[in-house]
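First the structure, in the form of structure tokens, and then the observations on it.
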Amino acid sequence: MKEEYPPIEPYTSVRHDNRKQMVVITIEVSSEGKMLDPKKMLECESVISKFADEINTALFY
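Here my numbering is used: the first residue of the sequence shown is 965, the next is one more, and so on.
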């Protein structure tokens, strides 16, 4: 019997430019049903958040 794990919430980065326009970047990570190490998940979230923020910064600045 395959165990079901809750989906990982996507990380969303939102930045506003001086025209008050907004870009939302969503990155989804799938564990493919495997249990992930919580420490690795936090490290992954940190990398994803930096990546999304860099993309938003490149778009606006």
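Where a beta carbon is used, it is the ideal one built from N, C-alpha and C, also for glycine.
A quick note: this is a predicted structure, and the numbers were derived from the prediction, not measured.
TODO: Give a yes or no on whether the C-beta atoms belonging to ASN1020 and ILE991 are separated by under 8 angstroms.
DONE: no
Task: Straight-line Cα distance separating LYS1004 from GLY997 - done: 16 angstroms
Open item on the list: In the DSSP assignment, the alpha helix (DSSP H) including SER1013 goes from what residue to what residue?
Closed with: 1002–1024
- [ ] Drop a sphere of 10 angstroms on the beta-carbon of ALA1016, count the other beta-carbons inside from all chains shown, and report buried for 16 or more, exposed for fewer.
- [x] buried
TODO: Work out the CA separation of GLU1009 and SER995 for me, nearest whole Å.
DONE: 13 angstroms
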